[in-house]
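Counting along the sequence shown from 1, when you hit position 32 you're at 32 in my numbering, and nothing is skipped either side.
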Amino acid sequence: MGFYAEQVVPRIINVVCGVKEAELLRRRVCEGLEGKVLEIGFGSGLNVPFYPEAVTWVDAVEPSDVGWRLAHKRVAATSVHVERGGLDGQALPFADDSFDAALSTWTLCTIPDADAALREVRRVLKPGGTLHFVEHGLAPAGDENVRRWQRRLDHLEQRLLDGCHLTRPIVDMLTTAGFVITDLDVFYEKGAPKPFGADSLGIAVSPG
Ligand SMILES: C[S@@+](CC[C@H](N)C(=O)[O-])C[C@H]1O[C@@H](n2cnc3c(N)ncnc32)[C@H](O)[C@@H]1O
């Protein structure tokens with residue numbers, strides 16, 4: 001991994017993903033989390049202030065050491081026990097059925113094999129466990145113009161943000177992995193150009 005991906009990208013993400021508009025979405029997506037929680041793509045811990053009190057433990061999975069260091073103050077300030085439980089969402093170092101819930105925010109765009117990561121999340125969730133997600137991806141069917149721009153810009157985005165894709169069909173990926181989506185809101189993020197802000201926010205249940 002080069003200097004840019006290792007040192008610069010996590011800092012850009014900390015700033016870009018730390019905007020006020022994103023905070024509202026973080027609050028929404030964290031609502032209802034409880035018990036032992038897995039967070040994949042923990043980044044710089046921007047969700048930590050929004051963990052509900054009912055969360056007792058968080059295993060954070062994050063490959064970037066810089067991201068983890070940037071998270072230090074947020075982790076130190078929370079009463080929730082947070083530890084870096086792993087480095088790669090595609091191969092989780094946890095036993096089957098070990099988490100009550102999981103959280104993924106703007107991460108499925110970046111994990112190289114996001115389908116494998118979703119299978120892993122299902123494996124480690126208890127039957128009936130929930131994945132809370134907010135992800136950007138392919139614009140809704142019908143928004144062909146936005147989709148065209150996403151295809152044009154996808155390669156550039158991947159280069160600038162270390163593998164971030166604009167065209168992943170998030171909802172289809174979740175259902176293909178066997179999740180049952182019980183809550184879903186599809187919208188364009190305020191303040192973001194449409195190709196970068198086609199979001200899906202919701203809850204997916206792992207039926208076991
Ligand atoms: C756009 S950032 C989002 C960070 C954070 N979830 C947030 O909401 O601010 C994507 C994150 O996915 C992480 N990531 C990349 N590959 C990964 C992998 N294989 N497993 C887990 N996380 C990964 C990146 O290091 C980065 O922190």
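Think of the CB as a built atom: it goes at the ideal place given N, C-alpha and C, for glycine as much as any other residue.
Please find out if some non-hydrogen atom of ligand 1 comes closer than 7 Å to the beta-carbon of residue i.
i, result
"Pro193", "no"
"Ser64", "yes"
"Gln90", "yes"
"Phe42", "yes"
"Val121", "no"
"Gly85", "no"
"Cys30", "no"
"Thr167", "no"
"Val61", "yes"
"Leu46", "yes"
"Trp106", "yes"
"Gly197", "no"
"Thr110", "yes"
"Ile13", "yes"
May I ask you to check if the CB of residue i is nearer than 7 Å to at least one heavy atom of ligand 3?
i, result
"Gln158", "For ligand 3, the structure offers nothing, since it holds only ligand 1."
What is the DSSP secondary structure of residue i, counted as helix, strand or coil?
i, result
"Ala91", "coil"
"Pro127", "strand"
"Gly18", "coil"
"Ile111", "coil"
"Trp106", "coil"
"Gly35", "strand"
"Asp230", "What the structure shows of the chain is the stretch from 1 to 208, and residue 230 is not part of that stretch, so it cannot be assessed."
"Gly2", "coil"
"Gly137", "coil"
"Val61", "strand"
Round the Cβ separation of residue i and residue j to the nearest angstrom and send it over; I've been treating them as touching at under 8 Å.
i, j, result
"Gly197", "Pro169", "About 16 Å; that fails the 8 Å criterion."
"Asp162", "Ala5", "4 Å"
"Leu38", "His132", "Going by Cβ atoms, the distance from Leu38 to His132 rounds to 11 Å, so no, they are not a contact pair."
"Val124", "Asp96", "7 Å"
"Val58", "Gln7", "Between Gln7 and Val58 the Cβ distance is about 25 Å, and since that is not below 8 Å, they are no contact."
- prompt: Counting Cβ pairs closer than 8 Å, one from the stretch 94–108 and one from the stretch 72–80, do we hit at least three?
  reply: no
message: Under 8 Å: do the stretch 82–89 and the stretch 3–20 share three or more Cβ pairs, one atom per stretch?
response: no
- prompt: Any contact of the stretch 16–33 with the stretch 47–60, i.e. 3+ C-beta pairs under 8 Å?
  reply: yes
query: Mind pulling the alpha helix (DSSP H) runs of 4 or more residues that sit fully within the stretch 166–195?
result: 170–176
Three or more C-beta pairs below 8 Å linking the stretch 155–174 and the stretch 127–141: yes
- request: Count the CB pairs spanning the stretch 171–182 and the stretch 118–126 that are closer than 8 Å, and state whether there are at least three.
  value: yes
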